[in-house]
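Line order of the protein sequences matches chains A and B. For the record, in the first sequence the residue sitting at position 214 is 214 according to the working numbering, with numbers rising by one throughout. Count along the second sequence from 1, then add 1000; that gives the number in the working numbering. Ideal Cβ positions, reconstructed from N, Cα and C, are used throughout, including at glycine. Since we're looking at a predicted model, the values are computed, not measured. Inspection log for the structure reproduced underneath, given as structure tokens.
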Amino acid sequence: MRLEPLANPSRSRVLGVTLAALGVAFVLVGGLFAAYGLNPLEAYRAMLSGTLLDAKGWQEILRRSIPLLLIGVGLTLAFRTQYFNIGAEGQLLLGAVWAAGVALFMPLPPWLSLPGMALAGALGGALWCLVAAWLKSRLSVNEILTTLMLNYVAQSLVIFLINGPWKGRDARGYIYSDRFAEYQQLAVLPGTNVHWPTLLLGVLLALGLQWLLTRTTLGFRMRVVGENPEAARYLGISGVRVVLWVALITGGLAGLAGVGEIAGIHHRLIEPGQLSSGYGFTAIIVAWLARGNPALVLLTAPLMGLILAGGDLLKVSLNMPFRIVDVFSGVMLLCLIGSEIFLRNRLRWGR
Amino acid sequence: MLNALARALSFGTPLLLACLGAILNERAGVVNLGVEGMMALGALAGFAVAFGSGVGDGNLWLAVLAALGAGTLAAFLHAFVTITLQANQFVSGLALTMLGLGSAGLLGKRFEGQPLFNQPPEWPFTLGAIGLAVLLGLVFYATKLGLSLRSVGENPAAADLLGINVSAVRYGAVAVGGALAGLAGAYLSLVYRPSWTDGMTAGLGWIAVALVIFVGWSPLRAIFGAVFFGLLYYLQFRLQGQSPIPSEVFASLPYLLVILVLALSGLRGQQGNAPEALGRPYRRGER
């Protein structure tokens, strides 16, 4: 058995290998279900029937797909340019903080309130990400470590705010901020938690960024910097500037995801653990599955949305820790990157 | 003063153990960002065995062994994916952290809130970690094994030509690195806070990874780096509630300091000390 290099993998090969990798991942997670003391088939059945075969389940998938879509689209760009932003979780929190700041303390006319919150949120997320990008481009500090450390700092910041200066008047023993006014809340599909303006924005951004990446000069620069840094230098493309752009976009989109969560669902600034169920990390799989194509995130975000919604179900109906979602994420990611060798090579039997 | 130093050493011990493991990995050219996940698994495996082998007087040696095993096993996953399947080391480590934290949280749920009565002493771990740092320094610079290890990290093609089995050396380094991360986790769940809670590693694994850069891949300097961060944790505990500064500031201090320290390392051009082939998979016949 040996490997034979392939020049360019065909589309069907990419699809086949990806599906096979996902299949292996589901088998492996099934093993962990068994180790936990559950019948894997039973667990998968509970996950699927409660989500796909249930109207309420569809809403849950959709609701969770929104932040994954927004963050994931940004991360495809980031990974494509070899900028490993692992801090979307913190950038989401900062987006929520800035938006909440505007909602609670800036006397804007009602029609300007939501746009103001969105803008502030995007800015908050972008600036949080820029810290790491700046350190990377100036001092070549590893962005994985800095973006990750900033996640922990962001968590502390949110807790400090809602436990201190921004603590709600009606909060008593709990920690959260005051509730937003009616006009500071995002519209939802009737009877659901699906804040559709954000969903629409996510869809448009996925298509728009695909266009940016494949049809514009900035997109061309991003691709060259990611694929061949030496060629980029030769062409006079400033890697620093591209990295700053990418950080601005990914951080801004993660910030918008945070705005969507508080303006669309919670209507106040709440504890980090409740505000995001690990969207920043789950979106890494969303982006990796899309293999660098923002438009494909339209497919991969709902898939991970399904896993998050399924994790919720397992928690409620089978009394399982929500951590099962991290297991899914880790195993899927390992299988995906492990399978990439079969994209670049063909397996030949014999010598 | 002496007391503060002793506490700093005790806070710094898991950092030192995990950092030494990461240094060993990276000297062989493999980045493993999964330290946090491997620590969580080690912590759970250690606690589960100590607890399961008899409440009150669990077998601690067996517990430590289990933690070493859990870390090694997890590291093998990283080794297989990055060395054999030549996948991206950064992403694999990240996935390993997710998987480690996730499965430890999942399988550890039944141990949550259980006390461990038999608590091993601290000093064997601390002294052992320091001894290990010295030993690792000796191995790196005074033995043939160390030379092979470093050459695999600096120039795998040349090492290959000299007849060194690059894959085998890397597998070994990653496995031992994982064992040390597992041990660091066990220190948390057996000694430092003899109990199990989900998320008890609290970013220590990441700090250990950052420490590697700060100490310039040197095991001996890692001792001082770990004591320094240990001191910081100690001060965080001491000053909490005793000053008008909100506790969240102290809680985020280690992470902010890591960023500062990395920035300083960048300013001093420390990244230049990194093993030449760090983070790159080795394929035969390709340069």
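Check: Can the beta-carbon of B/G1182 be found closer than 8 Å to that of B/L1068?
Finding: Working through the second sequence from its first residue, we reach residue 1182 of chain B at position 182. Working through the second sequence from its first residue, we reach residue 1068 of chain B at position 68. Going by C-beta atoms, B/G1182 is nearer than 8 Å to B/L1068.
Checklist line | Closest residue to A/G311 among A/L248, A/Y44, A/L127 (Cα-Cα distance) | finding: Within the first sequence, residue 311 of chain A is the residue found at index 311, counting from 1. Closest option to A/G311, Cα to Cα, is A/Y44.
Margin query: Can you look up B/V1273 in the DSSP assignment and give me helix, strand or coil?
Written below: Sequence index remark: in the second sequence, residue 1273 of chain B carries index 273 (1-based). Sequence inspection shows Asn at residue 1273 of chain B; the Val mentioned does not correspond to that position. DSSP places B/N1273 within a helical segment (H, G or I) once states are collapsed to three.
Checklist line | Contact the stretch 1033 to 1042 of chain B vs the stretch 1087 to 1106 of chain B: 3+ CB pairs below 8 Å | finding: Touching, yes, given that three or more Cβ pairs across the two stretches are closer than 8 Å.
Checklist line | Span of the alpha helix (DSSP H), counted from its first residue to its last, around A/P5 | finding: The residue given as residue 5 of chain A occupies position 5 in the first sequence. A/P5 -> not in any alpha helix (DSSP H); beta strand (DSSP E) instead, spanning 2 to 5.
Margin query: Strictly under 8 Å for the Cβ-Cβ distance: is B/S1252 near chain A by that measure?
Written below: Numbered from 1 along the second sequence, position 252 holds the residue referred to as residue 1252 of chain B. With 8 Å as the cut-off, B/S1252 counts as an interface residue toward chain A.
Margin query: Below 8 Å on the Cβ atoms is my contact criterion, and I expect A/W166 with A/L104 to pass it. Report the Cβ-Cβ distance as a whole number of Å.
Written below: Taking the first sequence and counting its residues from 1, the one referred to as residue 166 of chain A is at position 166. Taking the first sequence and counting its residues from 1, the one referred to as residue 104 of chain A is at position 104. Right, their Cβ atoms sit about 7 Å apart.
Next item on the list: Output the distance between the C-alpha atoms of B/G1225 and B/A1186, rounded to the nearest integer angstrom.
Entry: Taking the second sequence and counting its residues from 1, one reaches residue 1225 of chain B at position 225. Taking the second sequence and counting its residues from 1, one reaches residue 1186 of chain B at position 186. Approximately 21 Å between the Cα atoms of the pair.
Next item on the list: Can you give me the Cβ contacts of B/G1137 inside the same chain, cut-off strictly under 8 Å, excluding the 5 residues immediately before and after it?
Entry: As a position in the second sequence, residue 1137 of chain B is number 137, starting the count at 1. Taking C-beta separations shorter than 8 Å and ignoring five residues to either side along the sequence, the partners of B/G1137 in its chain run S1218, P1219, L1220, following chain order.
Next item on the list: Determine the closest residue to A/G280 out of A/L48, A/A301, A/N293, with distance taken between C-alpha atoms.
Entry: Mapped onto the first sequence, residue 280 of chain A falls at position 280. That would be A/A301, whose Cα lies nearest to the Cα of A/G280.
Item checked: Closer than 8 Å at the beta carbon, the chain A residues around B/W1206 -> Against the second sequence, residue 1206 of chain B aligns to sequence position 206. What B/W1206 touches in chain A: L145, L148, M149.
Check: Does the beta carbon of A/A46 come closer than 8 Å to any beta carbon on chain B?
Finding: Residue numbering aside, residue 46 of chain A sits at position 46 when the first sequence is read from its first letter. Answer no: the Cβ-Cβ gap between A/A46 and chain B never drops below 8 Å.
Item checked: Where A/R348 falls: helix, strand or coil (DSSP) -> Position 348 of the first sequence, counted from the first residue, corresponds to residue 348 of chain A. The answer is strand: DSSP assigns A/R348 an E or B state.
Checklist line | Neighbour-count burial assignment, B/Y1282, 16 or more Cβ in a 10 Å radius | finding: Taking the first residue of the second sequence as position 1, residue 1282 of chain B is located at position 282. B/Y1282 should be labelled buried.
Check: Which chain B residues sit within Cβ distance under 7 Å of A/N39?
Finding: Numbered from its first residue, the first sequence carries residue 39 of chain A at position 39. Here the premise fails: no neighbours, minimum Cβ distance about 16 Å.
Notebook entry, point to check: Can the beta-carbon of A/L352 be found less than 8 Å from the beta-carbon of A/S137?
Noted result: The question about residue 352 of chain A has no answer, for chain A in this structure spans 1 to 351.
Next item on the list: Can you pull the chain D residues whose beta carbon is under 9 Å from the beta carbon of A/P67, in chain order?
Entry: Among the protein chains in the structure shown, which are A and B, there is no chain D.
Notebook entry, point to check: Roughly how many angstroms lie between the CA atoms of B/V1049 and A/L92, to the nearest whole one?
Noted result: Translated into positions along the second sequence, residue 1049 of chain B becomes position 49. Translated into positions along the first sequence, residue 92 of chain A becomes position 92. When rounded, the distance between both Cα atoms is 39 Å.
Next item on the list: Note down, one range per segment and in chain order, each alpha helix (DSSP H) of at least 4 residues found wholly within the stretch 1100 to 1158 of chain B.
Entry: 1123 to 1142, 1144 to 1154
Margin query: For the structure I just gave you, are there three or more beta carbon pairs, one from the stretch 137 to 149 of chain A and one from the stretch 1259 to 1271 of chain B, closer than 8 Å?
Written below: yes
Checklist line | Proximity test, Cβ basis, 8 Å: B/Q1086 and chain A | finding: Locating residue 1086 of chain B in the second sequence gives position 86, counting from the first residue. Cβ-Cβ to chain A under 8 Å: yes for B/Q1086.
Margin query: Classify A/P67: buried if its beta carbon has 16 or more other beta carbons within 10 angstroms, exposed otherwise.
Written below: Taking the first sequence and counting its residues from 1, the one referred to as residue 67 of chain A is at position 67. Buried, since its Cβ has 16 or more Cβ neighbours within 10 Å.
Checklist line | DSSP state of A/R291 mapped onto helix, strand, coil | finding: Sequence index remark: in the first sequence, residue 291 of chain A carries index 291 (1-based). It is coil, neither helix nor strand.
Next item on the list: Report buried or exposed for A/L94, applying the criterion of at least 16 other Cβ atoms within 10 angstroms of its Cβ.
Entry: The residue given as residue 94 of chain A occupies position 94 in the first sequence. A/L94 is buried by the Cβ-count criterion.
Item checked: A/M117 versus A/L303: straight-line alpha-carbon distance, rounded -> Within the first sequence, numbered from 1, the residue matching residue 117 of chain A stands at position 117. Within the first sequence, numbered from 1, the residue matching residue 303 of chain A stands at position 303. Rounded to the nearest angstrom, the two C-alpha atoms are 29 Å apart.
Check: Just the Cα atoms here: how many angstroms apart are A/V248 and A/L119?
Finding: As a working mapping, residue 248 of chain A is identified with position 248 in the first sequence. As a working mapping, residue 119 of chain A is identified with position 119 in the first sequence. Here residue 248 of chain A is Leu; the residue named in the question, Val, does not match the sequence. Computed Cα separation, rounded: 13 Å.
Next item on the list: Would you please verify whether the beta carbon of A/R80 is less than 8 Å from any beta carbon of chain B?
Entry: For the purposes of this step, residue 80 of chain A is taken as residue 80 along the first sequence, with counting starting at 1. Cβ-Cβ to chain B under 8 Å: no for A/R80.
Next item on the list: Say whether chain A places a C-beta atom closer than 8 Å to the C-beta of B/G1105.
Entry: To locate residue 1105 of chain B, count along the second sequence from 1; it is residue 105. Yes, B/G1105 counts as interfacial toward chain A.
Note to self: With a threshold of 7 Å on Cβ separation, who are the neighbours of A/M47 within its own chain once the five nearest residues in sequence on each side are excluded?
What the structure shows: Here residue 47 of chain A refers to the residue found at position 47 when the first sequence is read from its first residue. Excluding sequence neighbours, A/M47 sits near G310, L313, L314.
Checklist line | For B/Q1089, three-class secondary structure by DSSP | finding: To locate residue 1089 of chain B, count along the second sequence from 1; it is residue 89. If DSSP states are grouped into helix, strand and coil, B/Q1089 belongs with the helices.
Note to self: In the DSSP assignment, the alpha helix (DSSP H) including A/V136 goes from what residue to what residue?
What the structure shows: Locating residue 136 of chain A in the first sequence gives position 136, where the first residue counts as 1. It should be pointed out that residue 136 of chain A corresponds to Lys in this sequence rather than to Val. From DSSP, the alpha helix (DSSP H) with A/K136 extends over 110 to 139.
Margin query: Residues in the same chain with beta-carbon distance under 7 Å from B/G1177, minus the five sequence neighbours each way, listed in chain order, please.
Written below: Your numbering for residue 1177 of chain B matches position 177 in the second sequence. For B/G1177, the CB contacts under 7 Å within the same chain, skipping 5 residues up- and downstream, are G1021, A1022, L1024, N1025, N1032, A1075 in chain order.
Check: What does a CB cutoff of less than 6 Å around A/A78 pick up in its chain, not counting 5 residues either side in sequence?
Finding: Locating residue 78 of chain A in the first sequence gives position 78, where the first residue counts as 1. So the qualifying residues of the chain are N85, V246, T250.
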